[in-house]
Structures are given as C-alpha cells and as structure tokens.
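First to last, the sequence lines map onto chains Y and G. The first sequence runs contiguously to residue 549 in the working numbering. The second sequence runs contiguously to residue 1293 in the working numbering. Just below is one structure, and these are the notes that go with it.
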Amino acid sequence: MTDTAQPIWIDPTDCLYPENAAREAPTNPHLSHQTTWNETRAFKPRMHPVGRLRYYYKWPGHGGRLWWRKRYWPTRRRFLQIRGEYNPKTMRREKTIVDKRPIWWILGFIALVLGPAVVPAASWNTVMSAAAVFGIYAAINLCWMLIIGTAGIFSLASYAVVGAAAYGTTYLAIQLGLPWWMLPLVGAAIGLAFGLIIGLPAMRLDGFYYALLTLGVVELCRVYVVQSREFGSATGGLYGAPSYLPASLGQMPRLLFGYYASLALMLFALAVYRFIDGRRLGRVLRMAPEKREAFAQACGVDFIRARIMVFLISSTALGFIGGFYAIHFGGASPNLFSFDTVLLSLAMLVIGGIGRSEGAVAGTAIVVFIDRVLIDLGPLRYMLIGAIMLAVVLFLREGLFGIKRQFRTWRDKKKSERRATRAEKGGEMLPEEATETADKDQIFFRRFDKMQRDFLKRLVTDTVIEEHRTRPLGQHSEALERLLIYFRRQGQVDKYAIMVLEEFKAYRIVALSGHRGTAPRVVEDSLYPTPDEAYHALFLRRVQDLLET
Amino acid sequence: MNWSFVLSNAITLACIYGTLAIGISLTWSSLGLVNMAFGFIFALSGYGAWLASINIGAQPAIVMAAGILTGAFGGLIVCLLAFIPIHDKPNFPLRALIATLAISLIGNQALLWYFGPRAKSLPRLFGSWNADIFGVIVTSDKLGASASAIVLLTLILLWMRSSRRGLEIRAMMMNPHAASIVGIGVRRTGFYVMALTGSLAGLASVLLAQTYYVAPFSGITPMVKGLSIALVGGLGSVPGAVIGAVLIGLNEALTSTLLGGQYVLITQFLLIIVVLLVRPRGIAGLLDKAREA
C-alpha cells in the first residue's frame, strides 16, 4: 500500500454503528498481498514480434461434403492435403490445409506462363533466351536432384550425360538425317547406355569416391570432345541438328515458342521427379538414408537396386533432355562438359536446397538470372553466384527452402534456453516428481504455498517484530496478522507449542509430534518467566524458519 | 618413338601430380574435407610466384618460396572459410565440398578479373642445360622439378613422422574424435594441415609452370589429375599416392607411345575404374578403416 505515510487502521466492527465516527489508529505500513502474485504471474519472457504461432486459415467444413475426396489418377492422393477436425471450443467442423505447396506451385506456373507478357521490350531477347535456358537447366537439375537427393549418389556427371546425348544425337542426325522428334528419343537411349556405364561403379563406390570419379568422367568427355575432329573441335561445338521450330516463324515468336517448349520440358522433368521421389522408389530410399543402409538392408530393403534404378531412370530422362537440348540449340557445345558448368549447376542445387524439387527450380531461376540476364557485370557475376553459394552453405543447412525449418529449430532452441533460465527452484515440484505424484492438487498447493511464503518473507520487518514483542496477543497490524494466520494454519507435525512448567513462572518451547501418544520434543533449554515472552520467542523461531526456507 | 623422352616426361609429371595427390589425400584423411579449391590454390600460387619474379627478383629461391608461401596462404583462406565455421555442423563433408567449390569459383573468377585471361610465364628456375643419365638426355627443368619435388616431399614426410605437429596430424588421421579428446585441437591442426597442403600445391604450381603457363584456370586439370591419383592410391595414404602417381605416370607414358596422346585420358579413366572396382578404397586404402566424416 502506501510506503510513505503511516497508514490508518479503521476498526471494521464500527460499521455496525454507522451513526458514530469510526475508530481509527495508526498502523504499520505493509505490502499488498497481490504484489508477489502479480510479480510471479507476470509474462516476463522477451517475445519477438513475428512468428509466435503457426497460423493456419480455418475453412468451414460442410456437413454434407464431409467425406468428399477428389483424387487424381494414377495415385490415390488428393490435390490438397486437408485435415478435418472439430474445434473443441465451438464444436464446429473445420478444415485446415496442411500442405500449401501445391498452391504455390500452381501460382508459380501461372506466373511462368504469363511471364512473357510483362518482359520489357528492350531486353526481350536476353530475357526470353535466358528463360528458355532456365527451363532446360531446371529440367536437368530436377533429374540431377533425383540422383543426388533421392538416390543419394553424389554424381557430378549429370551434365556429361546430357552432353553425351546432345553430341550423340546431333552426330546421328547429321549422319542419318533424323527428324527432330526422333532426337529426344534417341537421346534417351544414349542416356540409358551412358548411365549404365557410369552407374556400374556406383554400386561399389560410396560418397566422395564416386563424386571424384564422375568429375574425372566430365573432364574426360571435355578433353575428348575438344580434341575430336568429328565432334567439331574446329568449330567449337557440333552443330547442324534439326530444329523443332517451324522455319516460317519470325524472331519473337521463335523465342516465345522455344520458351514454352522448354517450360513443357520442365513440366516433364517435374512429373518424372514426382513419380520417382513420391512413389515406391522414393519411399524405399527414404527408408535407407546415409549411414543407415545396414539397418534398411536388415529390414529387407534392397536399397542398392533402388538406387541404381533411380540412377538409370534419371539418366534416361537426362538423355531425353540432351536430345531436346540438341534440337533447341541446333547442336551441342563443349561448354556442357566444362568444370564451370558443373560448378554453376551445383550452385543451383545448393542454393535451393538439396532434396527438394522446388529448391532445384528456384535455385536454377536465381543462378540463370544472374548468369544470363546480368551480363554487364562480367566475371563479377560468377563471383556473386559463388558468394551466394558460399553464404548458403555456411549459414543454411538445407538451402533457401530449409530456412523456415531451420528458423523454427533455432527459435525452439532459444525458447527452451529461456525457459531453463526462468525456472525457479524451491518448494515447487520438479517435473518428474509432479508426474509421479498421485494427488495432483499437491502440485498446485505447493506452488501456491511457495508464492505465499515469498510474500510473507517480505512482510517481516523490525517494526512487525517490535509490535509482536510489545503485544503478542490482541489487535495487530495487517502484516503481523497475516504472518500469524499463516503460522497458525500449519500442520500439527513439528508445530511449535508452549509447555507450562509452572504457571506464571516457567514456560518452555516444545515441538508437537503430531501423533497421538507421542510426547512433544523439547527444542531449547531456555525457560521464559512470562507467557508473553514465551509467545514472542516462539514467534521469532517461526519467523526464523520462514526466512530459512 | 623416343621411349626415354616419354618416360622421363611421365616421371616428372608423376612427381608433380603426386605432390598434389598427397596434398588432397592428407586434407581428406585428417580433416574430412575434399578440397576442391585445390585448383584455385594452384593458380593463386602460380600468380604469387609470377608477381614475386616481376617485383622482387627472378632468383629460383625467391620464386619458389613465393609460390610455396602463397600456396600456404591460399590453404589458410580455404581453412578459414570452409573448415573453421562448419567443421562441427551437421552434414559437414558435403557442405565443405560445396564450400570449397564455391571458393574455387569465386577465386578463379577473381584471378581472371584481376590478371586478365592472358597466360603468364615464370622464369626458368633450373637454367637450360641437359644431363646425360645412363644415355638418356634429360633436360634441366625436368630433372630439377623431379628432384625438388622428391626432396621437399621427403622433408615433409620426415617432418610428419618425427615432429610433434606431425604426430598430431597423424592422430587426426587415425581418429579425429579420439584426437580431440586427448587434447589435440581440431581447428589448430586444421590450420597446420591446410597450410601444409596449400604449400604443396604451391610447389607443384611453380614446378608445373616450368613446362606450362600460369593462367586463371590452369589449376583444374592438375587438380583432377591429383584427385584421380589420390583415388587410385587410396585417400589418406601417402605410399598409396606415390604408387598411384607412378601407375598413372606409366600409363600416360605407355598410352601416348603405343596408342597416341588423345587416348591418355580414356585409358587413365579405365585404369581408375578397374582399380576402384577391384579395391573400392584405392590400392592402399583399407576397406573398413575409412574415415567416417
């Protein structure tokens, strides 16, 4: 209450006689009994302004369509993963979209399809050819992501497969005069053959041995292509493959057509990704992550077979893409085999995050934009890409699309650290003890009792003790009264009492045993000549005990 | 066909590539880091040696020391960027591999940006004389390169065997966890190892620049060769790297004499595949004692 002036005590019994003025007396200042409660219950942790709760929009659920599920062929999946539940407070049916990624994918596709309409005319050529490159590279990276992420084979030779298919199909098209639609199919066959050759060592080698080996394959292909006369060492690439574009088209429609064709190729690669990663092969391989292969094998999972299957299927798809590359660019260039291409495409995968298709697509978009659209930067743009890659690797665990999860993990860690610093000891039950206790009321009683003792400790002052010394019985100030009520309310076990040895001459403090038939025990030797002195000594003892807890 | 010429050439190249391979092998076995920035360190130390030869003096000792010191400096940069921050984080081997690739990308482009695409040539360190060894005419640069590579490698291996630091590095190679328990600092050892392997790359760069040129991307082919030798020999084994270097050098010499120069990489690659299919951890690598990240 008031700390400055001495508060006035008003006799509460005077309200029975309202015609008289109430009796008043000065009393001791004391704290409000709400203070400790308020301080303990105050919400002290420092909260950040964002991301405190996971927010999900709750759709109303219609009773009639409760079990209506639209599924698409050939899986039994639904378009959106929706969780239905009853709100425990309103008892209404609610629906929650658990996985919003399909929505983002569809919005992204719409943006990609409508994108050419908003490209400025000044940079139309640059942006549209870069966008076509984006489609092709995204397709390659998706297949590569299958090999690295799903199959867990760290192969660096994916672009070598594409390049081999592109060179092979161009060579065959020049020699045999194949039509354009044959080239991707022939390329798929070449990719399968190439995949078989470089997939064989993957059965025995693991991890980095295989990565370094495939790097050697890439270098081998590059040197062979650069030196070989029939593969165009003189012209800097092999050109002359038929184009799928109608010859009558002008410049702008050609670019637009090429862009939509490569977008369709990306959709094809996404379909391949989804049908391998999301179905049986992907499930089997998710059962056998790195360093747990032995366990998976013991469970009967033939993960080596699954890995090789994924590798071969993606190599076939990569060969198909290689054939498309040939008919899109009219040939193949040794650039496909250069160390820089491997580096840049690895940057695409890493920036987006390894093991997720959206990571491959978004990373490709970022890197291709920097590489092909910001041409004015010169070598600086590669340094920019390298810096992004380095930053992503050093700070992020799973690339850009893993930021959300990493942030949540970090926030949970911080939360639990703060909670650990906030936990107060003393009187309260520890969590293990609380789960063991049958009477759950005890938990709350002890928590309340601790708070009460904390409050009462703050009431003990010299004035209160002096007041008790002068007048142990009778009317007391509020602080002293609260202390005495608390002391009197304690249980019988080891409760202090006064034993009369000789009336008005000798009193002694004892502690009750709390059990019938067991005599109280003597706590101290000193004898007190008057009851008041004995009362006060007993009070001091209790205050002492209170302050010690 | 001049057999002795080809043979001496192959032995020189084997010495130089063997130096690189030992560097790569040491880094992998003691730190668990596949250093893909080795090509960048190689090119960087070539440029360091070139700058020293222009600005300080063209004496062989100065040029070689400048190359080796720049290489050690490059190794320290890679250690600071790719090893120290993430060596105790999850998924370290893959992240370190990608980080070193990123460093290589940035570094090579920075070299291209700063020095331009034109190749530089170092002064001839070993003069221009010929020696006649058992009837084989050997030029001075080949003899000097082989001799200095062998001498420096022997010195380093002796240091690894007999010094306190070498003991720490070997302890890290055996079991990094146990090494850190008995008080060997992982980060400190990382600095030693990366400086050492960087200086090996610098040495190889100076020696190889006697025959080739110093260019921004000159390091990639030697790095791939060094990697393949380290693979064949078994990552983490110095004798294995020596055997691998001799094997690859012999293969190169034989292929270019019998079949022709353009088939060298093909036969080399087939040789590596055959060796790895027979022994998945290389010639001298032990199957079960592989470093577990």
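Where a beta carbon is used, it is the ideal one built from N, C-alpha and C, also for glycine.
Asparagine 141 of chain Y sits buried, since 16 or more C-beta atoms from the chains shown fall within 10 Å of its C-beta. Asparagine 1091 of chain G belongs to the set of residues whose beta carbon lies under 8 Å from a beta carbon in chain Y. Scanning Y/Leu265, Y/Glu428 and Y/Met383 for the CA closest to the CA of histidine 328 of chain Y turns up Y/Leu265. Relative to the Cα of alanine 1284 of chain G, the nearest Cα in the group G/Leu1207, G/Val1242, G/Ala1058 and G/Ile1248 belongs to G/Val1242. Cβ neighbours of methionine 309 of chain Y within its own chain (closer than 7 Å, five residues either side excluded): Leu281. Taken in chain order, the unbroken stretches of beta strand (DSSP E) that lie wholly in the region 56-107 of chain Y and span 3 residues or more are 58-60, 81-86 and 93-99. Across the set G/Pro1280, G/Thr1197 and G/Ala1119, the C-alpha of G/Ala1119 shows the shortest separation from the C-alpha of tyrosine 1047 of chain G. Leucine 205 of chain Y is not a Cβ neighbour of proline 1093 of chain G, given a cutoff of 8 Å. Exposed is the label assigned to lysine 505 of chain Y, since fewer than 16 other Cβ atoms lie within 10 Å of its Cβ. Taken through DSSP and simplified to helix, strand or coil, tryptophan 181 of chain Y comes out as coil.
With a 10 Å radius around the Cβ and a threshold of 16 neighbouring Cβ atoms, glycine 1183 of chain G comes out exposed.
Distances from the CA of phenylalanine 455 of chain Y to each of Y/Gln475, Y/Glu432 and Y/Arg482 were compared; the closest alpha carbon is that of Y/Arg482. Taking the Cβ atoms as the reference, alanine 241 of chain Y lies roughly 5 Å from glycine 330 of chain Y, within the contact range of under 8 Å. Closer than 8 Å to the CB of glutamine 175 of chain Y there is not a single CB belonging to chain G.
Residue contact with chain Y for arginine 1188 of chain G: absent (no Cβ-Cβ distance below 8 Å to any residue of chain Y). A buried status is given to glycine 1075 of chain G, since no fewer than 16 other beta-carbon atoms sit within 10 Å of its beta-carbon. Residues of chain Y whose Cβ lies closer than 9 Å to the Cβ of leucine 1081 of chain G are, in chain order, Leu390 and Leu394.
Scanning chain Y for C-beta atoms nearer than 7 Å to the C-beta of leucine 1231 of chain G yields Tyr209, Leu212 and Leu213, reported in chain order.
Per DSSP, reduced to three states, the secondary structure at lysine 495 of chain Y is coil, with no helix or strand assignment. A distance below 8 Å separates the beta carbons of valine 162 of chain Y and leucine 336 of chain Y.
The beta-carbon distance between threonine 1019 of chain G and leucine 1153 of chain G, rounded to whole angstroms, is 6 Å. This is short enough to meet the 8 Å contact definition. As the crow flies, the alpha-carbon of phenylalanine 487 of chain Y is around 14 Å from that of glutamate 548 of chain Y. Contact of phenylalanine 1191 of chain G with chain Y is not assigned, every C-beta pair being separated by 8 Å or more.
Residues of chain G whose Cβ lies closer than 8 Å to the Cβ of arginine 78 of chain Y do not exist; the shortest such Cβ separation is about 33 Å. The contact set of phenylalanine 339 of chain Y on chain G, defined by CB atoms closer than 7 Å, consists of Ile1220 in chain order.
With a contact defined as Cβ atoms closer than 8 Å, glycine 216 of chain Y and phenylalanine 1073 of chain G miss out at about 28 Å. Nearest to valine 493 of chain Y by C-alpha distance, out of Y/Ala511, Y/Val500, Y/Pro74 and Y/Trp181, is Y/Ala511. A distance below 8 Å separates the beta carbons of leucine 1105 of chain G and leucine 343 of chain Y. Cβ-Cβ distances below 7 Å link arginine 541 of chain Y to Tyr496 and Ile509 in the same chain, with the five nearest sequence neighbours on each side left out; the list follows chain order.
Listed along the chain, the chain Y residues whose CB falls inside 8 Å of the CB of isoleucine 1248 of chain G amount to none; the nearest CB is some 11 Å away. Between leucine 1081 of chain G and leucine 430 of chain Y, the CB-CB gap reaches or exceeds 8 Å. Taking the Cα of isoleucine 1068 of chain G as reference, the smallest distance to any Cα among G/Thr1197, G/Gly1244 and G/Leu1250 is reached at G/Thr1197. Runs of the alpha helix (DSSP H) lying entirely within the region 1099-1180 of chain G, each at least 4 residues long, are 1140-1162 and 1164-1174 in chain order.
Between glycine 61 of chain Y and tyrosine 259 of chain Y, the C-beta gap is not smaller than 8 Å, which leaves the two residues out of contact. The closest CA to that of tyrosine 507 of chain Y, considering only Y/Gly514, Y/Ser513 and Y/Met499, is found on Y/Met499.
Cβ contact annotation for alanine 1096 of chain G (same chain, cutoff 6 Å, sequence separation greater than five): Leu1033 and Ala1082, in chain order.
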